[in-house]
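Engineer: Just dropping this structure here.
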Amino acid sequence: MSFCLNCLNEFTEASWSDLFLPPILCPSCYRSLKPRFSAFRLDGKKAYSLYPYSEAFRNLLYRFKGCYDLALAPVFLCKTRIFLRFFFSSYVLVPAPSNEEDDIKRGFNHVHEIFKELGLPMSKAIAKTTRFKQAGSSREERLKVAERLALVDASGLKGRKVLFVDDVITTGSTARACRALIEEAGAKEVSFFFLSMVQKDRENSIHRPFSP
Ligand SMILES: [Zn+2]
Numbered sequence: 667m668s669f670c671l672n673c674l675n676e677f678t679e680a681s682w683s684d685l686f687l688p689p690i691l692c693p694s695c696y697r698s699l700k701p702r703f704s705a706f707r708l709d710g711k712k713a714y715s716l717y718p719y720s721e722a723f724r725n726l727l728y729r730f731k732g733c734y735d736l737a738l739a740p741v742f743l744c745k746t747r748i749f750l751r752f753f754f755s756s757y758v759l760v761p762a763p764s765n766e767e768d769d770i771k772r773g774f775n776h777v778h779e780i781f782k783e784l785g786l787p788m789s790k791a792i793a794k795t796t797r798f799k800q801a802g803s804s805r806e807e808r809l810k811v812a813e814r815l816a817l818v819d820a821s822g823l824k825g826r827k828v829l830f831v832d833d834v835i836t837t838g839s840t841a842r843a844c845r846a847l848i849e850e851a852g853a854k855e856v857s858f859f860f861l862s863m864v865q866k867d868r869e870n871s872i873h874r875p876f877s878p
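Going by my numbering, the sequence shown opens with residue 667, and the numbers climb by one from there.
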């Protein structure tokens, strides 16, 4: 018998993944997230996402990130972390920078907490220099994002394959700006992984699929 960390109901489940990891989301909650490992290109670079940006995903992320429920950190990669750890085993992870004030208020950095579950090396190489929220998709906005980010620790990225990780991709402005900084640090390769992708701009190159 297990307890679902999302709906708090008891459940019994027998799937192959439970042989390795104790289940923490009930089948119903997990199905509601509609997990699907998707590969696409972001400005010609490999990018991946795991969940559609649905109401179920948004609510779960809000409880974790907005209501400071740190116990929910492992649920996002609960069924896929063994696969992802193997798939990205040769990468150094760089989490998307967040507002330091928000992290202090929250008591944790949400992207770091989610992706540390993979047990892969992680470098907080990039920081926000000023407080800002998600930017728009115009060129001016993208330039503004780039101006507000800084490479604070380039050690450990030179010659490495780097996976930039974030919770949600909308316009890709932050990811693009971070890619430039990661390349500046001397990374051999940059790829992207997002928990969820907002599909609102189909003109955007980020939605072009590819086979990994
Ligand atoms: Zn549940």
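All residues carry an ideal CB built from backbone N, CA and C; glycine is no exception.
Using 8 angstroms as the limit for Cβ to Cβ distance, is C670 near chain D?
Structural biologist: Considering every chain present, this structure includes no chain D. It has just one protein chain.
Engineer: What is the DSSP secondary structure of L738, reduced to helix, strand or coil?
Structural biologist: L738: helix per DSSP, three-state reduction.
Engineer: For the segment 766-842, which segments carrying the beta strand (DSSP E) assignment without a break, of at least 3 residues, lie completely within its bounds, in sequence order?
Structural biologist: Within the segment 766-842, the complete beta strand (DSSP E) runs of at least 3 residues are 792-794, 815-817, 827-835.
Engineer: By how many angstroms is the C-alpha of Y734 removed from the C-alpha of F742?
Structural biologist: Their Cα atoms are separated by approximately 15 angstroms.
Engineer: Span of the beta strand (DSSP E) holding S862?
Structural biologist: 855-863 is the extent of the beta strand (DSSP E) around S862.
Engineer: Have a look at E767 and G710 and give me their C-alpha separation to the nearest angstrom.
Structural biologist: Rounded to the nearest angstrom, the two C-alpha atoms are 33 angstroms apart.
Engineer: According to the Cβ coordinates, are I835 and S715 closer than 8 angstroms?
Structural biologist: Their beta carbons are under 8 angstroms apart, which means I835 touches S715 by this criterion.
Engineer: If you drop the 5 nearest sequence neighbours on each side, which residues of the same chain put their C-beta closer than 8 angstroms to that of L815?
Structural biologist: These residues qualify, in order along the chain: P763, I792, A793, K794, T795, T840, A843, C844, L847.
Engineer: Using a 10 Å radius around the Cβ and a threshold of 16 neighbouring Cβ atoms, would you call D819 buried or exposed?
Structural biologist: Flag for D819 reads exposed.
Engineer: Taking its Cβ as the centre, do 16 or more other Cβ atoms sit within 10 Å of L823, making it buried, or is it exposed?
Structural biologist: Under this definition L823 is a buried residue.
Engineer: What do you reckon, are the CB atoms on A737 and L671 nearer than 8 angstroms?
Structural biologist: A contact, by the Cβ cut-off of 8 angstroms.
Engineer: Check whether the segment 741-761 and the segment 784-791 touch, using three or more Cβ-Cβ pairs below 8 angstroms as the test.
Structural biologist: Yes: at least three Cβ pairs fall under 8 angstroms.
Engineer: Please state whether DSSP places A851 in a helix, a strand or coil.
Structural biologist: Coil, per DSSP.
Engineer: Given this structure, state the Cα-to-Cα distance separating T837 from F706, to the nearest angstrom.
Structural biologist: Those two C-alpha atoms are separated by around 14 angstroms.
Engineer: Can you check DSSP and say which residues form a bridge with P701?
Structural biologist: DSSP, once it has assigned bridges, lists no residue as partnering P701.
Engineer: Can you tell me whether DSSP reads F723 as helix, strand or coil?
Structural biologist: DSSP places F723 in helix when its eight states are reduced to three.
Engineer: Comparing the CB of C937 with every heavy atom of ligand 1, is any distance shorter than 7 angstroms?
Structural biologist: No information on residue 937 is available, as it lies outside the stretch 667 to 878 that the chain covers here.
Engineer: Please confirm whether any heavy atom of ligand 1 lies closer than 7 angstroms to the CB of C733.
Structural biologist: Incorrect: C733 has no Cβ contact closer than 7 angstroms to ligand 1.
Engineer: Looking at C-alpha atoms only, which residue of D833, Q865, K827 is the closest neighbour of K712?
Structural biologist: Comparing Cα positions, the closest option is K827.
Engineer: Does the separation of the CB atoms of L708 and F754 fall below 8 angstroms?
Structural biologist: No; because the gap between Cβ atoms is not below 8 angstroms, this pair is not in contact.
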